[in-house]
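Asker:
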Amino acid sequence: MPTAIAVTGRELVLPPPDGQTPSAVVLRPPDAQSLDDALAEVGTLLDQQGYLVVLYPAATPAAVVRRLHIVRSVLESDRMALLPLELPPLAVAVLARQLRQLSISDFSPGVLACAARLLSHYVHAGALLGSVARLDRVPVSLTSHVKSWVPGAHFGVLAHPTPQLVKVGGAAELPAPGYVTSMTVARGQLNSHGYGGGAGHDDWVTGALAPAWGVRGVEEVPLPAESGRWWGTPKLIEFAAAIPDLSVLYQLVASVRREECHWCGFELIGDRCAFCSCPVARGDEIPALLTSQRPALTSR
Numbered sequence: 002m003p004t005a006i007a008v009t010g011r012e013l014v015l016p017p018p019d020g021q022t023p024s025a026v027v028l029r030p031p032d033a034q035s036l037d038d039a040l041a042e043v044g045t046l047l048d049q050q051g052y053l054v055v056l057y058p059a060a061t062p063a064a065v066v067r068r069l070h071i072v073r074s075v076l077e078s079d080r081m082a083l084l085p086l087e088l089p090p091l092a093v094a095v096l097a098r099q100l101r102q103l104s105i106s107d108f109s110p111g112v113l114a115c116a117a118r119l120l121s122h123y124v125h126a127g128a129l130l131g132s133v134a135r136l137d138r139v140p141v142s143l144t145s146h147v148k149s150w151v152p153g154a155h156f157g158v159l160a161h162p163t164p165q166l167v168k169v170g171g172a173a174e175l176p177a178p179g180y181v182t183s184m185t186v187a188r189g190q191l192n193s194h195g196y197g198g199g200a201g202h203d204d205w206v207t208g209a210l211a212p213a214w215g216v217r218g219v220e221e222v223p224l225p226a227e228s229g230r231w232w233g234t235p236k237l238i239e240f241a242a243a244i245p246d247l248s249v250l251y252q253l254v255a256s257v258r259r260e261e262c263h264w265c266g267f268e269l270i271g272d273r274c275a276f277c278s279c280p281v282a283r284g285d286e287i288p289a290l291l292t293s294q295r296p297a298l299t300s301r
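Residue numbering for the sequence shown follows this note's numbering, beginning at 2 and increasing consecutively.
(1) Only counting the same chain, and skipping five residues up and downstream in sequence, which positions put a Cβ closer than 7 Å to that of Leu113?
(2) Applying the criterion that 16 or more other CB atoms from any shown protein chain within 10 Å of the CB defines a buried residue, is Pro110 buried or exposed?
(3) Considering just the uninterrupted stretch of the alpha helix (DSSP H) at Glu42, what are its terminal residues?
(4) Do you know how far the Cα of Leu159 is from the Cα of Ala134?
(5) Who are the Cβ neighbours of Pro85 in its own chain at under 8 Å, not counting the five residues just before and after it?
(6) Between Ala64 and the rest of its own chain, which residues show a CB-CB distance below 6 Å, the 5 nearest in sequence each way excluded?
(7) Which whole-angstrom value is the C-beta distance of Gly179 and Gly157, which I expect to be below 8 Å?
(8) Over what stretch of residues does the beta strand (DSSP E) that includes His70 continue unbroken?
(9) Give the DSSP-derived three-state secondary structure of Asp32 in the structure shown.
(10) Could you give the residue range of the beta strand (DSSP E) that holds Val222?
(11) What residue from Val219, His122, Leu191 and Ala241 has the CA that sits closest to Leu130's CA?
(12) Which residues bound the alpha helix (DSSP H) around Gly229?
(13) Answer with buried or exposed for His263, where buried requires no fewer than 16 other C-beta atoms within 10 angstroms of its C-beta.
(14) Report the rounded CA-to-CA distance for Arg118 versus Ala154, giving the unit in angstroms.
(15) Would you decide whether Glu87 is buried or exposed? Buried here means 16 or more other CB atoms lie within 10 Å of its CB.
(16) I'd like the span of the beta strand (DSSP E) that includes Gly127, first residue to last.
(17) Let me confirm a value: Ser278 is counted as buried when at least 16 other C-beta atoms fall within 10 Å, else exposed. Which label applies?
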């Protein structure tokens, strides 16, 4: 049976790259939908689709996460996987679109759900910020905090895969992915100021960073509702660079050794089942963590 991909906000549903990629299901928060309606909606979805994989930022409000667990518990469904991701909101949306692309392939529901952790290693997620004074999800030095109070100071921040911060207009640069990517950009309330070569700060992502990273293309989308809270300021331009080629995504997932969950029986990759969270049974032959199983990609 097919596997549906769900997210917790409409802004996390990015446009499909082709006419075959299915859309994502948007699960509404408690203040927008009663529990009875949520149970009915998810129950019908499971009957129609078979399996449901829900992606959401780990920083999602507690009430929303609690609702997801209540729905899964009341329905007593082992066909609903809840996957919190340590990624900024826009990166979660990009990853959800990749899983939507892969959902029409021959991967089993367990492998598809586990693929979220694997593919997250290949998403370069960051933002251009007007201030880092309230940024608490990426290590920020005291010097950067002080500089953030200087009028006109802007910072390029990479949150994933390796946190890093640079002052826009300085000599330091954010490290580029070592493989072909396309970039998705979402603009917040960031004022334009001159930087470096004289362009506006709001052009830094598309005019400086994207060419430096050699991205294949740039797509602009609405800013996710949770982005301002995640980054600590509404004055930002969020970006996420990820692999655009479906065949490469398929190869990455297919190259990882598969196991069977000894608890629920789902097929999985990595060290933990995405549906029941049970770790792979320890033995003489233990599959490596996804971080160590990361297949190599050909450099650009």
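Think of the CB as a built atom: it goes at the ideal place given N, C-alpha and C, for glycine as much as any other residue.
Answerer: To lay it out plainly:
(1) Correct list, in chain order: Thr4, Val54, Leu100, Leu103 and Ser104.
(2) Pro110 sits buried, since 16 or more C-beta atoms from the chains shown fall within 10 Å of its C-beta.
(3) Where Glu42 is concerned, the enclosing alpha helix (DSSP H) stretches over Leu36 to Gln50.
(4) Their backbone Cα atoms lie some 16 Å apart in a straight line.
(5) Beyond the five residues adjoining it in sequence on each side, Pro85 comes within less than 8 Å, by CB distance, of Tyr57, Pro58, Ala59, Thr61 and Val66 in the same chain, given in chain order.
(6) Exclusion of the five residues before and after Ala64 leaves Pro31 as the residues of its chain whose Cβ lies within less than 6 Å of its Cβ.
(7) The beta-carbon distance between Gly179 and Gly157, rounded to whole angstroms, is 19 Å. This is too long to meet the 8 Å contact definition.
(8) Taken as a continuous stretch (DSSP letters only), His70 belongs to no beta strand (DSSP E), being part of the alpha helix (DSSP H) at Ala63 to Leu76.
(9) Asp32: coil per DSSP, three-state reduction.
(10) Annotation: the continuous beta strand (DSSP E) that includes Val222 extends over Val219 to Val222.
(11) Minimum Cα distance to Leu130 is reached at Leu191.
(12) First-last of the alpha helix (DSSP H) with Gly229: Ser228 to Trp232.
(13) His263 is exposed by the Cβ-count criterion.
(14) Answer to the nearest angstrom: the Cα atoms are 34 Å apart.
(15) Exposed, by the Cβ-count rule.
(16) His125 to Leu130 is the span of the beta strand (DSSP E), which, as asked, contains Gly127.
(17) With fewer than 16 neighbouring CB atoms inside 10 Å of its own CB, Ser278 falls in the exposed class.
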